[in-house]
Amino acid sequence: MTQKPIKSISSKREVERNTPKIRNLQPSIKPKILEFIAKEMSNLWAEKKLINFLIDCGVHKKLIKRYQIKWKTVYNVLQELNISDQPNDRKILFKIIEDAVHPFAHEGDRSSAETLLNKLNEYLDLDKGQITYDKEKLRYIYYPLLTEENWIEIKNERHEKDDEIAKEKFKFLQQPDNKEKISLLLLIFQLLMDTVEIFCTNPLNPTRELNNTYEYLNQQIWNIINDLKLREDVVIYNFNSYKCIFFNLFFAGQQYAEQNKELSWEKIKPKMNTMYGEIDKICQKVGTDNTIINLKEHKKLKDIKSYLSGLKKKINEESKKEQKQQKKYEYKGISIRNKISNNVTWKNITIRFLNSYDVKILVKNKLHTQANNEDMGCFCLNKKDKDADVQWKFLQELSVSGGECDLRSKINVQEKEKYRQYKMKLSLNLKKFFNLNEDPFYEYRDKYIYKTKFRIEPEPDLRGSGEIYETKEEEKRYIKKLLDT
Numbered sequence: 006m007t008q009k010p011i012k013s014i015s016s017k018r019e020v021e022r023n024t025p026k027i028r029n030l031q032p033s034i035k036p037k038i039l040e041f042i043a044k045e046m047s048n049l050w051a052e053k054k055l056i057n058f059l060i061d062c063g064v065h066k067k068l069i070k071r072y073q074i075k076w077k078t079v080y081n082v083l084q085e086l087n088i089s090d091q092p093n094d095r096k097i098l099f100k101i102i103e104d105a106v107h108p109f110a111h112e113g114d115r116s117s118a119e120t121l122l123n124k125l126n127e128y129l130d131l132d133k134g135q136i137t138y139d140k141e142k143l144r145y146i147y148y149p150l151l152t153e154e155n156w157i158e159i160k161n162e163r164h165e166k167d168d169e170i171a172k173e174k175f176k177f178l179q180q181p182d183n184k185e186k187i188s189l190l191l192l193i194f195q196l197l198m199d200t201v202e203i204f205c206t207n208p209l210n211p212t213r214e215l216n217n218t219y220e221y222l223n224q225q226i227w228n229i230i231n232d233l234k235l236r237e238d239v240v241i242y243n244f245n246s247y248k249c250i251f252f253n254l255f256f257a258g259q260q261y262a263e264q265n266k267e268l269s270w271e272k273i274k275p276k277m278n279t280m281y282g283e284i285d286k287i288c289q290k291v292g293t294d295n296t297i298i299n300l301k302e303h304k305k306l307k308d309i310k311s312y313l314s315g316l317k318k319k320i321n322e323e324s325k326k327e328q329k330q331q332k333k334y335e336y337k338g339i340s341i342r343n344k345i346s347n348n349v350t351w352k353n354i355t356i357r358f359l360n361s362y363d364v365k366i367l368v369k370n371k372l373h374t375q376a377n378n379e380d381m382g383c384f385c386l387n388k389k390d391k392d393a394d395v396q397w398k399f400l401q402e403l404s405v406s407g408g409e410c411d412l413r414s415k416i417n418v419q420e421k422e423k424y425r426q427y428k429m430k431l432s433l434n435l436k437k438f439f440n441l442n443e444d445p446f447y448e449y450r451d452k453y454i455y456k457t458k459f460r461i462e463p464e465p466d467l468r469g470s471g472e473i474y475e476t477k478e479e480e481k482r483y484i485k486k487l488l489d490t
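Just so you know, the sequence shown maps onto residues 6 to 490 in our numbering.
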């Protein structure tokens with residue numbers, strides 16, 4: 006029996022609409038799966054929105070037949086596109102499925118979009134299809150069922166294409182000028198790593214000179230990457246994902262705080278090492294000699310290398326000085342570790358002030374012991390009555406601010422350095438008192454805040470609802486008075 010011809014579905018031209026076409030008897034998606042998809046889409050949107058969505062995806066108005074049941078209206082469109090022999094109609098079918106799971110179709114509601122994506126993928130998986138997000142194209146893409154022969158054919162084509170591109174790229178990179186640029190890229194990236202490492206030792210106070218160095222090196226890296234076209238997707242290197250570690254050093258703290266990341270060299274180093282390895286891999290493959298770089302011809306880089314070496318030497322000297330200070334620092338208190346079980350960590354400990362000198366120590370929310378500033382080694386040696394020293398006052402300050410000390414609120418570098426000393430000595434005291442090796446503070450580089458790992462509560466008059474002070478100014482005045490006494 007002759008199949009009744011149908012009109013072209015997706016074309017908007019009258020001539021193409023009137024041209025007879027034969028239905029494709031092998032649909033690309035099983036009808037039952039399309040029914041499930043139609044029902045899921047109908048559950049989310051009103052009829053008018055559904056129809057507008059279909060039209061926006063390229064469906065011609067004449068194809069849309071309204072039924073009393075919404076999902077049947079959608080299903081009819083999907084099935085007609087599914088069995089059409091017009092290539093463009095298949096594209097429209099896939100576009101409907103792809104766009105339906107994009108947050109834009111859900112008025113920005115990512116949760117709703119993700120729920121629909123998961124449901125549709127459950128159905129499509131029965132047909133060996135899947136919707137995935139393509140980061141390069143910045144959109145969702147539906148991948149239909151492919152036979153094993155199709156996959157083998159696609160892979161072979163890709164390998165052949167990659168081999169051809171790689172050969173051409175090798176020829177390009179092995180040109181003398183380009184080989185020198187690759188060597189230069191390795192050197193500049195090493196200098197960039199040194200710059201970031203130095204910055205991470207004191208991210209609160211980046212200097213203008215260090216920031217200028219960072220920006221200059223970054224710019225030089227981008228210039229070489231663009232000159233050598235290293236961001237092209239080929240098999241011999243992976244530069245597509247390369248991006249600056251920071252926009253600049255002054256903005257780095259805010260950038261990492263917004264992303265809730267810890268700003269430390271230990272966290273950044275692995276990522277930069279990976280990229281350094283990619284550059285070194287290119288050097289080895291094209292046969293570059295890293296000794297061919299003559300820094301006399303690159304005065305700016307020579308000056309930067311000298312400047313960074315000086316900074317690293319200064320940092321190492323300061324680090325050794327601090328280590329000596331810690332070794333010289335003599336703990337004057339007692340230790341209660343022998344009374345605490347071995348599985349206790351800082352998170353299990355609560356220090357609760359009773360007054361200006363006495364505290365209760367709670368372990369796992371149970372009273373363990375009572376101590377004072379003298380027991381914990383926080384007293385002035387040159388006074389008979391063993392008054393509380395600055396470490397104890399710093400501990401009191403932490404108790405009224407929820408265990409936090411925000412260094413950004415400190416006025417100048419000298420004041421920040423004072424607090425760094427307070428924190429260092431208080432940490433040593435607490436570690437000795439509790440006989441714990443772990444630092445009782447989180448790393449300050451995370452959001453520029455010293456924060457205790459243990460819980461700390463102020464004396465009774467300052468507890469209650471948590472609204473200790475009416476204003477921030479009142480809180481600052483109290484803390485200043487506390488530290489001045």
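We treat Cβ as the ideally placed atom computed from N, Cα and C, and that holds for glycine.
Sixteen is the threshold: since fewer than 16 other Cβ atoms of the shown chains lie within 10 Å of the Cβ of residue 311, the residue is exposed.
Per DSSP, reduced to three states, the secondary structure at residue 41 is helical. For residue 377, the three-state secondary structure derived from DSSP is strand. Burial state of residue 174 is buried, judged by a 10 Å Cβ sphere holding 16 or more other Cβ atoms. The alpha-carbon of residue 230 is positioned some 48 Å away from that of residue 431.
Secondary structure note for residue 137: its beta strand (DSSP E) is the uninterrupted segment 135-139. Contact annotation: residue 196 and residue 222 have beta-carbon atoms nearer than 8 Å.
When the alpha-carbon of residue 213 is set against those of 66, 253 and 137, the nearest one is in 253. Residues 62 of the same chain have their beta carbon placed closer than 6 Å to that of residue 101, with the five preceding and five following residues left out of the count. The three-state secondary structure of residue 205, taken from DSSP, is helix. For the pair residue 458 and residue 352, the CB atoms are nearer than the 8 Å cut-off. In the assembly as shown, residue 263 is an exposed residue. Its beta-carbon has fewer than 16 other beta-carbons within 10 Å. Contact check between the segment 105-122 and the segment 44-53: three or more CB pairs, one atom from each, fall below 8 Å, which counts as touching. A distance below 6 Å between beta-carbons, with the five flanking residues on each side excluded, links residue 454 to the following residues of its chain, in chain order: 409 and 411. About 7 Å separates the beta carbons of residue 288 and residue 188, which is inside the 8 Å limit, making them a contact pair. Taking the Cα positions, residue 68 is about 20 Å away from residue 103.
Just so you know, the alpha carbons of residue 126 and residue 135 end up roughly 6 Å apart. If you ignore the 5 residues before and after residue 286, its C-beta comes within less than 6 Å of no other C-beta in its own chain.
Per DSSP, residue 288 lies in no beta strand (DSSP E); the unbroken alpha helix (DSSP H) holding it starts and ends at 270-291.
In the assembly as shown, residue 72 is an exposed residue. Its beta-carbon has fewer than 16 other beta-carbons within 10 Å.
Rounded to whole angstroms, the separation of the alpha carbons of residue 356 and residue 364 is 6 Å. Put simply, of 228, 208 and 290 the residue whose alpha carbon is nearest the alpha carbon of residue 251 is 208.
Shown here for residue 400: same chain residues with a beta carbon closer than 8 Å to its own, the five before and five after excluded, namely 356, 383, 431 and 461 in chain order. In the three-state reduction of the DSSP assignment, residue 454 falls in the strand class, which pools E and B. Assigned with DSSP and collapsed to three states, residue 364 falls in strand. Residue 459: not part of any beta strand (DSSP E); DSSP gives it neither H nor E. In the DSSP assignment, residue 56 falls outside any beta strand (DSSP E) and lies within the alpha helix (DSSP H) extending over 52-61. In this structure, DSSP gives residue 193 a helical state, which the three-state scheme calls helix. No Cβ-Cβ contact shorter than 8 Å links residue 358 with residue 284. Around the beta-carbon of residue 366, 16 or more other beta-carbon atoms lie within 10 Å, marking it buried.
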